[in-house]
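> Here the protein sequences line up with chains A and B, keeping their order.
Read in order, the letters of the first sequence are residues 1 to 388 in the UniProt record's numbering.
Read in order, the letters of the second sequence are residues 1 to 115 in the UniProt record's numbering.
Note that CB positions come from ideal geometry on N, CA and C, so glycine has one too.
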Amino acid sequence: MKSVAIVGASLAGLSAARALRAQGFGGRLTIVGAEPHRPYDRPPLSKEFLAGQMTTADLALEGDGEDLDAEWRLGVAATGLEQGRSLRIALADGSAVEADGVVIATGAVARTLGGNLAGVHTLRTIEDAAALRADLDAARRLVVIGAGFIGAEVACVARTLGLDVTIVEAAPAPFARALGPEMGTALAGLHEAHGVRLICGAAVRTLTGEGRVDGVLLEDGRRLDADVVLVGIGARPAVDWLDGSGVTVGDGVVCDTGGATSVPGVVAVGDCAAWFDPALGAHLRVEHWTGAARRPATAARTLLSGGAAVPDTLAPPYLWSDQYGMRVQFAGHTLPGDEVSVEEGDLASRRFLAVYRREGRTVAVLGVDQPRSFTRWRRRVNEPAGAR
Amino acid sequence: MIPACPIAALPRGEALRIETDPPIAVFHTEDGELYAVDDTCTHQDASLADGWLEGCEVECPLHASRFDLRTGRVDAPPAKLPVRTHQVVVRDETVYVVPSDLPPNLPPGVRTGSA
Numbered sequence: 001m002k003s004v005a006i007v008g009a010s011l012a013g014l015s016a017a018r019a020l021r022a023q024g025f026g027g028r029l030t031i032v033g034a035e036p037h038r039p040y041d042r043p044p045l046s047k048e049f050l051a052g053q054m055t056t057a058d059l060a061l062e063g064d065g066e067d068l069d070a071e072w073r074l075g076v077a078a079t080g081l082e083q084g085r086s087l088r089i090a091l092a093d094g095s096a097v098e099a100d101g102v103v104i105a106t107g108a109v110a111r112t113l114g115g116n117l118a119g120v121h122t123l124r125t126i127e128d129a130a131a132l133r134a135d136l137d138a139a140r141r142l143v144v145i146g147a148g149f150i151g152a153e154v155a156c157v158a159r160t161l162g163l164d165v166t167i168v169e170a171a172p173a174p175f176a177r178a179l180g181p182e183m184g185t186a187l188a189g190l191h192e193a194h195g196v197r198l199i200c201g202a203a204v205r206t207l208t209g210e211g212r213v214d215g216v217l218l219e220d221g222r223r224l225d226a227d228v229v230l231v232g233i234g235a236r237p238a239v240d241w242l243d244g245s246g247v248t249v250g251d252g253v254v255c256d257t258g259g260a261t262s263v264p265g266v267v268a269v270g271d272c273a274a275w276f277d278p279a280l281g282a283h284l285r286v287e288h289w290t291g292a293a294r295r296p297a298t299a300a301r302t303l304l305s306g307g308a309a310v311p312d313t314l315a316p317p318y319l320w321s322d323q324y325g326m327r328v329q330f331a332g333h334t335l336p337g338d339e340v341s342v343e344e345g346d347l348a349s350r351r352f353l354a355v356y357r358r359e360g361r362t363v364a365v366l367g368v369d370q371p372r373s374f375t376r377w378r379r380r381v382n383e384p385a386g387a388r
Numbered sequence: 001m002i003p004a005c006p007i008a009a010l011p012r013g014e015a016l017r018i019e020t021d022p023p024i025a026v027f028h029t030e031d032g033e034l035y036a037v038d039d040t041c042t043h044q045d046a047s048l049a050d051g052w053l054e055g056c057e058v059e060c061p062l063h064a065s066r067f068d069l070r071t072g073r074v075d076a077p078p079a080k081l082p083v084r085t086h087q088v089v090v091r092d093e094t095v096y097v098v099p100s101d102l103p104p105n106l107p108p109g110v111r112t113g114s115a
């Protein structure tokens with residue numbers, strides 16, 4: 001393989017570039033990024049960066065003096081992928097990049113509610129975070145739509161800035177998709193204890209306002225006043241540009257356990273990729289930082305070996321969230337019906353470690369302010385039943 | 001020299017945090033070596049004493065950066081800067097730490113109390 005193009009210049013793309021070089025790839029390396037920035041870290045955008053404790057420079061992912069000997073094509077999105085004698089990536093400025101191998105790392109884009117009222121935000125990029133912060137500084141009331149981690153973290157920062165905060169969630173409990181309803185409910189109390197109003201089981205009918213948002217109207221007729229609205233209802237994979245490429249796309253780019261796609265010489269990593277997860281027996285798109293940081297090493301081996309390398313065992317998905325000084329950590333994947341038990345601490349104190357089991361096997365673990373126990377339990381996720 | 005603990009209180013494979021400013025983590029490896037480094041990961045605010053000790057390396061519990069306890073060197077990202085190391089002395093069955101004179105590499109947003 002003489003040349004590789006990486007499409008996507010965030011954590012997954014950078015990690016792929018590092019892995020390719022570390023594994024001895026000495027050919028031409030091109031990194032395409034839709035955003036104009038060098039790779040930057042996104043988790044702090046809803047935490048320390050939004051709170052003003054981290055600067056743009058602090059977000060840089062590359063080390064001082066790090067040189068991957070790559071050609072960077074930043075600020076230009078990929079618009080298509082064609083298979084010919086080589087692989088050809090069309091770019092938005094009309095140019096193209098040709099390569100023998102391609103790493104798809106285009107990430108995900110925030111889902112929106114449509115409309116174009118001022119004061120309505122999503123949070124995905126550094127510009128999003130700066131715009132949200134500017135609006136929060138001038139606001140009194142924030143409504144967060146969607147009780148996921150990004151929404152909860154923004155709610156937390158807004159409370160410390162003194163705003164009145166309401167979170168609206170369509171499901172019966174917050175964080176239910178990631179943590180299951182039982183543990184989601186346990187964490188709900190944390191927000192209420194810090195003065196956040198949490199409304200669950202409530203669907204949003206529409207946002208109101210003339211030019212600028214002034215409220216959120218719920219399906220049950222309730223109206224919430226708002227100066228700023230954050231829409232935190234998840235993200236969809238940024239894969240539209242692959243239409244017609246022959247790369248199979250479902251919920252994200254469909255990959256095997258080594259990151260290989262349906263097209264030879266093309267692998268996919270990060271938020272846009274749905275790798276086959278043997279522990280689950282299904283393809284699973286994982287939107288977590290750790291997957292974007294670690295899986296590219298496996299995908300690089302797949303690419304450089306032409307698919308001959310035996311993939312590493314997949315580490316279970318892992319996420320963390322910082323809320324009101326509490327550290328929430330979760331590893332694994334939970335499904336409805338999993339048995340959940342608190343193994344250390346207790347829910348009332350909001351310092352606990354909970355273990356999720358399915359057919360006797362540990363499939364996930366949740367730690368709230370229990371980093372040491374979590375570090376140990378995390379290694380047991382997906383071990384065969386009765387291994388310990 | 002700061003007393004950390006009686007050597008018997010720190011079994012092999014374990015770590016403890018000393019509440020200095022900034023805090024220091026002392027590790028007792030499976031091979032019986034003792035090492036001390038700043039407890040705070042150089043990437044983001046997390047306690048390395050809560051991390052995973054393997055050989056002479058500790059893995060940060062938050063983002064899995066790995067540091068060589070002998071030198072403080074980063075063995076795996078996302079951390080970019082080495083963690084400051086301190087000398088460990090055992091005297092009369094007690095573990096002591098001799099704090100380094102060098103400046104620490106603390107993560108963004110974390111300051112020492114005196115700074």
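#1: Thinking C-alpha only, which one of A:L187, A:T206, A:R285, A:R301 is nearest G234 of chain A?
#2: Is C60 of chain B closer than 8 Å to A46 of chain B when the C-beta atoms are compared?
#3: For the beta strand (DSSP E) that contains P320 of chain A, what are its first and last residues?
#4: Can you list, in chain order, the residues of its chain whose CB lies under 6 Å from that of W289 of chain A, leaving out five sequence neighbours each side?
#5: Let me see if you follow: with CB-CB separation under 8 Å, is A9 of chain B close to chain D or not?
#6: Any idea what DSSP makes of D45 of chain B, helix, strand or coil?
#7: Taking only three categories from DSSP, how would you classify D50 of chain B?
#8: For H121 of chain A, I'd like the list of residues in its chain whose CB is within less than 6 Å of its CB, leaving aside the five on either flank, ordered along the chain.
#9: Taking its Cβ as the centre, do 16 or more other Cβ atoms sit within 10 Å of G52 of chain A, making it buried, or is it exposed?
#10: Can G115 of chain A and D227 of chain A be called in contact, C-beta distance under 8 Å?
#11: Which ranges does the alpha helix (DSSP H) cover as unbroken runs of at least 4 residues, wholly within the segment 285-357 of chain A, from first to last along the chain?
#12: What are the start and end residues of the beta strand (DSSP E) that includes I104 of chain A?
#13: When every heavy atom of the ligand FMN is checked, does at least one fall within less than 7 Å of the C-beta of C60 of chain B?
#14: Can you have a look at V381 of chain A and say buried or exposed, based on whether 16 or more other CB atoms are within 10 angstroms of its CB?
#15: What number of angstroms, rounded off, separates the C-alpha of A273 of chain A from the C-alpha of A9 of chain B?
#16: Can the beta-carbon of T79 of chain A be found closer than 8 Å to that of W320 of chain A?
#17: Closer than 8 Å, CB to CB, is P104 of chain B near chain A or not?
#18: Quick one: any contact between the segment 244-252 of chain A and the segment 155-168 of chain A, if contact means 3 or more CB pairs under 8 Å?
#19: CA-CA distance, G209 of chain A and A331 of chain A?
#20: What separation, rounded to the nearest whole angstrom, lies between the Cα atoms of A308 of chain A and C255 of chain A?
#21: Who are the neighbours of G250 of chain A on chain B, taking C-beta pairs under 9 Å?
#22: Taking the alpha helix (DSSP H) that R18 of chain A belongs to, which residues open and close that run?
#23: Please report the distance separating the alpha-carbon of G265 of chain A from that of D67 of chain A.
#24: Using DSSP bridges, identify the partner residues of L142 of chain A.
#25: Can you find the residues in the same chain that come closer than 6 Å, C-beta to C-beta, to A176 of chain A, ignoring five residues on each side of it along the sequence?
#26: Under 9 Å between beta-carbons, which chain A residues line up against G32 of chain B? List them in chain order, please.
#27: Tell me the residue span of the alpha helix (DSSP H) that contains K372 of chain A.
#28: Start and end of the alpha helix (DSSP H) containing A152 of chain A?
#29: In its own chain, which residues sit with a C-beta less than 8 Å from the C-beta of A138 of chain A, not counting the 5 before and 5 after it?
#30: Identify which residue in B:F67, B:G109, B:G72, B:T29 has its Cα closest to the Cα of T85 of chain B.
#31: With 8 Å set as the bound, which would you pick, yes or no: does the beta-carbon of D58 of chain A sit closer than that to a beta-carbon of chain B?
#32: With distances taken from CA atoms, which of A:G367, A:G325, A:D346, A:G75 is nearest H194 of chain A?
#33: Taking R177 of chain A as part of the alpha helix (DSSP H), name the residues at either end of that continuous run.
According to the data block:
#1: As a position in the first sequence, residue 234 of chain A is number 234, starting the count at 1. With distances taken between Cα atoms, G234 of chain A lies closest to A:R285.
#2: Counted from its first residue, the second sequence places residue 46 of chain B at position 46. Counted from its first residue, the second sequence places residue 60 of chain B at position 60. Taking 8 Å as the Cβ cut-off, A46 of chain B and C60 of chain B qualify as a contacting pair.
#3: On the first sequence, residue 320 of chain A is found 320 positions in, with the first residue counted as 1. Position check: residue 320 of chain A holds Trp in this sequence, whereas Pro was assumed. Here the beta strand (DSSP E) through W320 of chain A covers 318-323.
#4: For this step, residue 289 of chain A is matched to residue 289 along the first sequence. Within the same chain, W289 of chain A has close Cβ partners P43.
#5: Of the chains in the structure shown, none is chain D; the protein chains are A and B.
#6: Taking the second sequence and counting its residues from 1, one reaches residue 45 of chain B at position 45. In the structure shown, D45 of chain B sits in coil (DSSP, three-state: anything other than H, G, I, E or B).
#7: Looking up residue 50 of chain B in the second sequence gives position 50. Three-state DSSP puts D50 of chain B in a helix.
#8: Here residue 121 of chain A refers to the residue found at position 121 when the first sequence is read from its first residue. Excluding residues within five positions, the ones whose Cβ falls inside 6 Å are L132, L230.
#9: Your numbering for residue 52 of chain A matches position 52 in the first sequence. It is exposed - the Cβ of G52 of chain A has fewer than 16 other Cβ atoms within 10 Å.
#10: Counting from one through the first sequence, the residue named residue 115 of chain A turns up at place 115. Counting from one through the first sequence, the residue named residue 227 of chain A turns up at place 227. The answer is no: Cβ separation not under 8 Å.
#11: 289-304
#12: In the first sequence, the residue the question calls residue 104 of chain A occupies position 104. Looking at the DSSP string, the run of the beta strand (DSSP E) that includes I104 of chain A is 101-104.
#13: Only the bare structure without any ligand can be found here, which leaves the ligand FMN out of the picture.
#14: Translated into the one-based positions of the first sequence, residue 381 of chain A becomes position 381. Buried is the call here.
#15: Within the first sequence, the letter at position 273 stands for residue 273 of chain A. Within the second sequence, the letter at position 9 stands for residue 9 of chain B. One C-alpha to the other measures close to 47 Å.
#16: As a working mapping, residue 79 of chain A is identified with position 79 in the first sequence. As a working mapping, residue 320 of chain A is identified with position 320 in the first sequence. Not a contact, by the Cβ cut-off of 8 Å.
#17: On the second sequence, position 104 is the one that residue 104 of chain B refers to. Chain A, which has no Cβ nearer than 8 Å to the Cβ of P104 of chain B, makes this no.
#18: no
#19: Locating residue 209 of chain A in the first sequence gives position 209, counting from the first residue. Locating residue 331 of chain A in the first sequence gives position 331, counting from the first residue. Cα to Cα, G209 of chain A sits roughly 41 Å from A331 of chain A.
#20: Working through the first sequence from its first residue, we reach residue 308 of chain A at position 308. Working through the first sequence from its first residue, we reach residue 255 of chain A at position 255. Taking the straight line joining both Cα atoms gives about 15 Å.
#21: Locating residue 250 of chain A in the first sequence gives position 250, where the first residue counts as 1. By Cβ distance, chain B contributes nothing, its closest Cβ being about 29 Å from G250 of chain A, past 9 Å.
#22: Residue numbering aside, residue 18 of chain A sits at position 18 when the first sequence is read from its first letter. Where R18 of chain A is concerned, the enclosing alpha helix (DSSP H) stretches over 11-22.
#23: In the first sequence, counting from the first residue as 1, residue 265 of chain A sits at position 265. In the first sequence, counting from the first residue as 1, residue 67 of chain A sits at position 67. Using only the alpha carbons, I get a separation of about 25 Å.
#24: In the first sequence, residue 142 of chain A corresponds to position 142, counting from 1. A:V165, A:V228, per the DSSP bridge assignment.
#25: Numbered from 1 along the first sequence, position 176 holds the residue referred to as residue 176 of chain A. The answer, listed in chain order, is G184.
#26: Along the second sequence, read from residue 1 onward, the residue named residue 32 of chain B stands at position 32. Within 9 Å Cβ-Cβ: nothing; G32 of chain B doesn't reach chain A, min ~21 Å.
#27: Position 372 of the first sequence, counted from the first residue, corresponds to residue 372 of chain A. According to the sequence displayed, residue 372 of chain A carries Arg and not Lys. Its alpha helix (DSSP H) spans residues 371-378.
#28: Reading the first sequence from its first residue, position 152 is the one you call residue 152 of chain A. Segment 149-160, the alpha helix (DSSP H) holding A152 of chain A.
#29: Here residue 138 of chain A refers to the residue found at position 138 when the first sequence is read from its first residue. The residues are D227.
#30: As a working mapping, residue 85 of chain B is identified with position 85 in the second sequence. Nearest of B:F67, B:G109, B:G72, B:T29 to T85 of chain B, Cα basis: B:G72.
#31: Within the first sequence, the letter at position 58 stands for residue 58 of chain A. It does: the Cβ of D58 of chain A has a partner Cβ on chain B nearer than 8 Å.
#32: By one-based count along the first sequence, residue 194 of chain A stands at place 194. Per the Cα distances, A:G325.
#33: Translated into positions along the first sequence, residue 177 of chain A becomes position 177. Run containing R177 of chain A: 176-179, per the alpha helix (DSSP H) assignment.
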